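Working notes, beginning with the structure itself.
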Amino acid sequence: VLNLVPFLAENIIGYGRLRKESKSFERALLNLRALNARKRE
Numbered sequence: 013v014l015n016l017v018p019f020l021a022e023n024i025i026g027y028g029r030l031r032k033e034s035k036s037f038e039r040a041l042l043n044l045r046a047l048n049a050r051k052r053e
């Protein structure tokens with residue numbers, strides 16, 4: 013059971029990092045789409 017504690021903590025930290033990165037990735041995708049839309053005009 014004790015071995016699971018650091019494992020779970022790492023997963024929670026990793027999950028939080030992943031969510032932050034996916035949010036910034038989504039933002040970057042939206043920025044790219046906006047740029048592409050401007051280029052087409």
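Sequential numbering from 13 applies to the sequence shown in this note's numbering.
Beta carbons: idealized from backbone N, C-alpha and C, even for Gly.
Since the structure is predicted, the reported quantities are computational estimates derived from the model, not experimental observations.
Query, Result
"Backbone secondary structure at L42 - three-state DSSP", "helix"
"Straight-line Cα distance separating A40 from N23", "25 Å"
"Assigned secondary structure, E53 (DSSP; H/G/I helix, E/B strand, else coil)", "coil"
"Simplified DSSP assignment, three categories, for N15", "coil"
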